[in-house]
Structures are given as C-alpha cells and as structure tokens.
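Asker:
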Amino acid sequence: MNIPNLLKKRDTVYGILAIWIVIFHIFRKFAVPYIPFVSNIAGLGNISVDIFLFYSGLCLCLSASKNNYPENGWGEYFKKRVLRIFIPYFLICIPFYIWSAVYEISGSFMHRSIIFCLNFSSVKFWLQGTQTTWYVYAIILCYLVFPLLYGYLRKAGSKGRVCIIAALAAFAVLTNYLPVLKNSTIVWARLPIFSIGVISGFDDLKLKKPGKLLIVLSAAVTLGLGYLISLSELSEKPFIPNVYRFLLYIPMTLAVMVLLSTFGGGTGALDFVGRLSLEIYLVHIALIHITIYRGVFDAIGLWIIIALPAASILISWLVSLIEAPIRKTLTNLTRGKENESLHNI
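So my numbering is basically just the index in the sequence shown, starting at one, shifted up by 655.
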C-alpha cells in the first residue's frame, strides 16, 4: 500500500470513521427498521476502530523514528498522549458519568458514587465488560504497549514481525476462554491490527502503490468479508463469535487500507470532523444514553440518523474550544518544570 498517500488523507478518513461509528451505534441502540444496503454498511461500523488503530500504529512508528525514540527517552511521547486522551475524557466523561449516576442508576448516594468511580476509572469495563467507552481503553492499552512493541519490531526481521502478530492474535483468542480477561476481549483483539500498523511504518518495507491485481483482490476481500460479517451482525443470533469477528476485521482492514491508498487527498469538511474524532466518539456515547432515557427516538424517528451525528460534531467542536487553552497551559507548565530541572542540574 502507498503509505504517503494514506497519511495525506488521514484526517479525512478519521472524519468518515467518526460518522460511521455514530451511525453504527444508532442502528444498534435504537429500533431503526432495516434499510437495504444502509443497514449492512452501518452494521460494519466496528471496523472503524480497527482502521483508527492501524493508522495510530502507523503514525506512532513514524513519529518514534522522527523523534529518535527510545534514544531520546519516552517522556515526551507519553506527555503528548496523556494530554490528547485525558483532557477530552475528563471534560466529557465526568459530566456524563455524573448524569448516568443520577438518572440511570438507582440506590443510595454512596452506591451511585461507587458506580461513578468504577465507570470513570474503567474498572467496570475490565471486570464486567461494560463497553460504554471501551475504545478509549483500547487506545490507552496500545499507547502503553507501543514502546515495547516498537523496540522489538525495529530489531526483529520479517519472521519476528509475523510471529508477534500471530502471538497477539492467539492471545486474543485465548482471552475469550479466560474468565479474568474474557470481558475485555474486545480490546485485546485489537492489538494485532495495531501492531500491523506499527510494522507498516518501518522504512525497510519499501511499500509502493498497489498494483491492479492487489486492488481487485482487496475489493473482493472487503466485499466478501463485509457481507459475511454484516449478515452475522444483523441476525438475531450472530453466527460468528465476537473474538473471531474481531480477528476477521484484520484482513478486511488491510484490504480497505490498500483501497484507500489508491485515492488522492482529503476534503476540508471531513478533515475538520476527523480532527474531532475522539471527542465525537465520547460525546455521541453520552448523547445516545441521554436520548434513550428521554425517549427522543420516539419523538423524531429516523431523523435521529442526521440529528445525533450533527449534535455530536457541534458539541465536540465546543469541547475542543475548551480543550485548546487547557492543553496549551499544561504543555507550557510541563515544559517550565523541565527547564527548571535542567537549570538545577
């Protein structure tokens, strides 16, 4: 695949994926009637997470090479990721989980406070599999694993890289049968595609523009697997177990990335949405819970397919306006402390 071409359209792709995951959850959470083709496409929304994580691994690898990690230490790496994830997470999820504790949870104040803490800290996900904001936990896991993964992969040959992907895929399947990890299989099953993204960022792969045969094969894989997975998603009893469905997204994601690498650059509107992708994910989760509680779907019907994505984008933009000065202040504060430490030396 053509990596430079993929990077040019990253924000555009992120914008498409952000809208796709919102539509996916609308079809999953509300009684939206079956719409030919549209319902099938919406049912494949989970693949947007895999494409996000592929891009994330690719960009992290390129960034690590550019900034000469780990020789220069990983401090700056972790600082940037912490600020990017936790500022929107705090701004959006604290109000949401407070609302949830008040309106969705019954019991005493102490009980509601405990549930709030379990939800906000992600403990409830790891112990019970509550998937409200699981994507954020997947990102955090990938960011934590990356330094170890990058250190190994840049020294490993092609066989070593294949082995680590196979090992991560096998571990993902194993988690489905281990009670202590079964609830979080949805996260562990994403590590293989993240590692493939990291591998794709190494210069020695010499990746070029895909040929016509590879494009045709990629289209066939995308359509074939997409149709199979959507049938399972739309059936009353999915015939593909979750962990294997997650792993089927790996070849489908790679096929989609090959197809994406054959097209040109991005577009302004989708680039804008793509830069708000994390905020949109968090906001739309909160809005879905609130609209279900308030019975909004019963009032506006299918208009929710337009209204909820539009509201998510608008609120995310407003959140980003609050984020910017906070991130700037915290960045300057950490730099000031670093400079002070160097002066003291």
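Beta carbons: idealized from backbone N, C-alpha and C, even for Gly.
With DSSP collapsed to three states, give me the class of Y689.
Answerer: Residue state, collapsed to three classes: coil.
Asker: Can you tell me the Cα-Cα spacing of I841 and V778, whole angstroms?
Answerer: Cα to Cα, the separation comes out at about 15 Å.
Asker: Could you check the C-alpha separation between L650 and I854 for me, to the nearest Å?
Answerer: Any property of residue 650 remains undetermined from this structure, which presents the chain solely from 656 to 1000.
Asker: Apart from the five residues just before and just after R900, which ones in its own chain have a Cβ nearer than 7 Å to its Cβ?
Answerer: Excluding residues within five positions, the ones whose Cβ falls inside 7 Å are I884 and S887.
Asker: How many Å lie between V737 and E731 at the Cα?
Answerer: Each residue's Cα considered, the two are about 10 Å apart.
Asker: What's the call for A719, buried or exposed, on a 16-neighbour Cβ count within 10 Å?
Answerer: By the neighbour-count rule (16 or more Cβ atoms within 10 Å), A719 is buried.
Asker: Near A962, what residues of its chain come up, given a Cβ to Cβ distance below 7 Å and the 5 sequence neighbours on each side ignored?
Answerer: Correct list, in chain order: I955.
Asker: For K734 and L662, I'd like the C-alpha separation in whole angstroms.
Answerer: Answer to the nearest angstrom: the Cα atoms are 23 Å apart.
Asker: Terminal residues of the continuous alpha helix (DSSP H) containing R665?
Answerer: Element bounds for R665: R665 to K684.
Asker: So F952 is in the alpha helix (DSSP H); what residue range does that whole segment cover?
Answerer: V951 to I955 is the span of the alpha helix (DSSP H), which, as asked, contains F952.
Asker: Express the C-alpha separation of N722 and H998 in angstroms, rounding to a whole number.
Answerer: Any reading at H998 is ruled out, since the residue's pLDDT is 46, under 50, leaving its predicted position unreliable.
Asker: Round the Cβ separation of L672 and S703 to the nearest angstrom and send it over; I've been treating them as touching at under 8 Å.
Answerer: So it is a contact: roughly 4 Å between Cβ atoms.
Asker: Residue ranges of each beta strand (DSSP E) run of no fewer than 3 residues wholly in the region 855-939, ordered along the chain?
Answerer: The qualifying runs do not exist here; there are none.
Asker: Let me check understanding here. Comparing Cα to Cα, which of G950, L985, S932 and T946 lies closest to L969?
Answerer: Answer by Cα proximity: S932.
Asker: Can you look up N695 in the DSSP assignment and give me helix, strand or coil?
Answerer: DSSP places N695 in helix when its eight states are reduced to three.
Asker: Contact check, T785 vs L937 under 8 Å by CB: the rounded distance?
Answerer: That pair is no contact at about 15 Å.
Asker: Do you know how far the Cα of S975 is from the Cα of L988?
Answerer: About 20 Å.
Asker: With DSSP collapsed to three states, give me the class of P802.
Answerer: Of the three classes helix, strand and coil, the one that applies to P802 here is helix, per DSSP.
Asker: Give the secondary structure of R767 by DSSP, where H, G and I count as helix, E and B as strand, and everything else as coil.
Answerer: Reduced to three states, the DSSP call for R767 is helix.
Asker: Relative to the ligand ZN, is the shortest distance from any of its heavy atoms to the C-beta of L803 smaller than 7 Å?
Answerer: The ligand ZN is absent from the structure shown, which contains no ligands of any kind.
Asker: Quick check: I747 and A941, are their CB atoms within less than 8 Å of each other?
Answerer: Yes, Cβ-Cβ distance for I747 and A941 is below 8 Å.
Asker: Taking just the CA atoms, how far does V928 sit from W675?
Answerer: The alpha-carbon atoms of W675 and V928 are separated by roughly 12 Å.
Asker: If contacts are defined as beta-carbon pairs under 8 Å, then T667 and L925 qualify, I think. What distance do you get, rounded to the angstrom?
Answerer: Their Cβ separation, rounded to whole angstroms, is 4 Å, which keeps T667 and L925 in contact under 8 Å.
Asker: Which residues in the same chain as H680 place their Cβ atom closer than 8 Å to its Cβ, once the five residues preceding and following it in sequence are excluded?
Answerer: So the list reads G700, H939, I940 and I943, once near-sequence residues are dropped.
Asker: Among Y882, V911, L902 and P896, which residue has its Cα nearest to the Cα of L869?
Answerer: Comparing Cα-Cα distances from L869 to each of Y882, V911, L902 and P896, the minimum goes to V911.
Asker: Report buried or exposed for V757, applying the criterion of at least 16 other Cβ atoms within 10 angstroms of its Cβ.
Answerer: Exposed, since its Cβ has fewer than 16 Cβ neighbours within 10 Å.
Asker: If contact is defined by three or more beta carbon pairs under 8 Å, each pair taking one atom from either stretch, is the region 834-848 in contact with the region 793-809?
Answerer: Yes, they touch.
Asker: Starting from the C-beta of I981, find all residues in its chain whose C-beta is less than 6 Å away, skip the five residues before and the five after it, and write them out in chain order.
Answerer: I742, listed in sequence order.
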